[in-house]
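Structure first, commentary second.
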Amino acid sequence: AQSVTQLGSHVSVSEGALVLLRCNYSSSVPPYLFWYVQYPNQGLQLLLKYTTGATLVKGINGFEAEFKKSETSFHLTKPSAHMSDAAEYFCAVIHSGGSNYKLTFGKGTLLTVNP
Amino acid sequence: DAGITQSPRHKVTETGTPVTLRCHQTENHRYMYWYRQDPGHGLRLIHYSYGVKDTDKGEVSDGYSVSRSKTEDFLLTLESATSSQTSVYFCAISAGQYPTGANVLTFGAGSRLTVL
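Just so you know, the protein sequences line up as chains E and G, in that order. Read in order, the letters of the first sequence are residues 169 to 283 in the numbering used here. Read in order, the letters of the second sequence are residues 2 to 117 in the numbering used here.
As structure tokens, this is what we get:
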């Protein structure tokens, strides 16, 4: 079974600072990886995804993530935080349940942006 | 949350009562999912459906049942609600199997259930 570990349940940064949210996965087969964002009282929105091809993936709102197979990581970064980035972020990995695929989510990282 | 409607959005009920949450989609997507979200646990899959009348269990299916009689509707039922089922429930849809580019989850706005 595949699993996802998000290091740090809460990350706090200053506005304009680098955002780094960490995600590691366990997988016995090539993974498909996702980052979702959840703003308060809303559902989850897809930020970016890695399936195949380029290991550096760019998403919405200036976020990007790099798939590093040797490190089994898929960390999310943004060069300069905005107040509007304050939200909870979830890393997720595909796993196969028989003939059907399902996402397994990490426990989430709450990002706080300080003025 | 375009194309996905969850109802009710908020519900308070008592232990032992039955509860049904509804997810309605207008995207004609084949796959539908029910997740629950709890602090410190992230999102956990309860049940999912891969077609009309085709459903399967997720990782936390005990105490829940589902039904899908039409493509657009996926119902989650708590036969006898317990306080441990107090949670926020999210419905999600996808066009098909991973990992093709179109097959990512789109989520509803959530249904907050409180069991007293």
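Even glycine gets a Cβ: it sits at the ideal position worked out from N, Cα and C. All figures in this text were calculated on a predicted structure; none of them were measured in a lab.
Looking at chain G, is there any beta carbon in it that lies within less than 7 Å of the beta carbon of G221(E)?
G221(E) does not count as touching chain G.
Which residue wins for smallest C-alpha separation from D74(G), given the options T27(G), P19(G) and R10(G)?
T27(G)
Between K270(E) and chain G, is any beta-carbon pair separated by less than 7 Å?
So, interface residue.
Between the C-alpha atoms of S70(G) and W35(G), what's the straight-line distance to the nearest angstrom?
Between S70(G) and W35(G), the alpha-carbon positions lie close to 16 Å from each other.
Please name the residue, chosen from P283(E), S177(E) and Q174(E), that lies closest to S248(E) on a Cα-to-Cα basis.
The option with the nearest alpha carbon to S248(E) is P283(E).
If I'm right that P19(G) touches S81(G) with Cβ under 8 Å, what's the distance once you round it to whole angstroms?
The beta-carbon separation of P19(G) and S81(G), rounded to 7 Å, stays under the 8 Å limit for a contact.
Against chain E, does L79(G) count as a neighbour if the rule is that its beta carbon must be under 7 Å from one of theirs?
no
Output, in sequence order along the chain, the residues in the stretch 38 to 56 of chain G whose CB is closer than 7 Å to any CB in chain E.
G41, H42, G43, L44, L46, Y49 and Y51
Have a look at S66(G), V105(G), A93(G) and L76(G) and flag the residue whose alpha-carbon is nearest the alpha-carbon of Q38(G).
A93(G)
Decide if T16(G) is buried, meaning its Cβ has at least 16 other Cβ atoms within 10 Å, or exposed.
exposed
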